[in-house]
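Heads up: the sequence shown is residues 1023 to 1248, going by the working numbering.
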Amino acid sequence: MPINGLGRDLLSLLMPITCLGCKAESDWICSNCRQGLNIHREELCFCGHAGTDGLCPKHRAALGLDGLTVLFNYTESSMKELIHQIKYRGHTDGVVFIAQHYQKKILARLPRGEWTVTAVPLSKERQMKRGFNQSALIAKKLTEPVYEYMELLIKKRETKPQVKLTKKIREKNLLRSFTIKRGVEIPNQVILVDDVITTGSTLKETARILRKAGVKKVWVLTIAHG
Ligand SMILES: [Zn+2]
Ligand SMILES: [Zn+2]
């Protein structure tokens, strides 16, 4: 198991580094395993139904979003493990790896024009404990050649982990937990970044707060769904 927080380069001095998919000696995910990863089709919603701009009519209305870009299914175990290594083991260079291999594809799927990128925030407590916000890192590393990044949202209080809750309770759990950062100039169009989309409850709530503050269009970018 990799040691928390050390970059891949430092780790490689201590032990052989193996692919998260096949355990061959390589980078985070070897080129063979990368070729085997299924890329989510642009014309499909994250639920698998046909849609436009990555959303089926049902989810467009239910989540209040204008578009969605997602690259992987979370059942792709090596990608799931990579996100886990970033989030819970502090391997922030995993984000650099994703940017190296998938930035072009992601940028090609994002909307053109004047969009500002922001990330779903963590609560102060969580951010202190983890030391970084993985969604903010993903947002910056993947979009920085094209879009401006701004911190727009704050998470006011820690909420129960969403994973263990039903959809209804998830939405209740999140209510009034996010707010707009004081003194920011509200852009017209926002690309909102999170690491993974599951039911979409967090994105629905943060998009609602952004719209209430005056944002006209909200497009979501996540690495994986499921
Ligand atoms: Zn491999
Ligand atoms: Zn859908």
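C-beta atoms are modelled at their ideal positions from N, C-alpha and C, and glycine is treated no differently.
Since we're looking at a predicted model, the values are computed, not measured.
Rounded C-alpha distance that separates L1093 from Y1171: Roughly 20 Å between the two C-alpha positions.
- request: Measure the C-alpha to C-alpha separation of I1213 and F1200 and round it to an integer number of angstroms.
  value: Linking I1213 to F1200 through their CA atoms gives a straight-line distance of about 17 Å.
- prompt: Beta carbon of I1051: closer than 7 Å to some heavy atom of ligand 1?
  reply: Checking the Cβ of I1051 against ligand 1 gives yes.
- prompt: If we count the other Cβ atoms within 10 Å of its Cβ and call it buried at 16 or more, is P1143 buried or exposed?
  reply: Classified as buried, P1143 has 16 or more neighbouring CB atoms from the shown chains inside 10 Å of its CB.
- prompt: Does the Cβ-Cβ distance between R1192 and T1221 come in under 8 Å?
  reply: Yes, these two residues count as a Cβ contact at 8 Å.
message: Taking 7 Å as the cut-off, is the beta-carbon of C1069 closer than that to any non-hydrogen atom of ligand 1?
response: Not a single heavy atom of ligand 1 lies less than 7 Å from the C-beta of C1069.
task: Give a yes or no on whether the C-beta atoms belonging to E1166 and T1140 are separated by under 8 Å.
output: No, Cβ-Cβ distance for E1166 and T1140 is not below 8 Å.
query: Where R1179 and N1054 are concerned, what is the direct C-alpha to C-alpha distance, given to the nearest angstrom?
result: Whole-angstrom Cα-Cα distance: 42 Å.
Stretch-stretch touch, CB-based, cutoff 8 Å, three pairs: the segment 1078-1098 with the segment 1219-1239: Cβ pair count under 8 Å is three or more, so yes.
message: Can you look up H1081 in the DSSP assignment and give me helix, strand or coil?
response: H1081: helix per DSSP, three-state reduction.
field: Any non-hydrogen atom of ligand 2 within 7 Å of L1077 CB
entry: Under cutoff, so the answer is yes.
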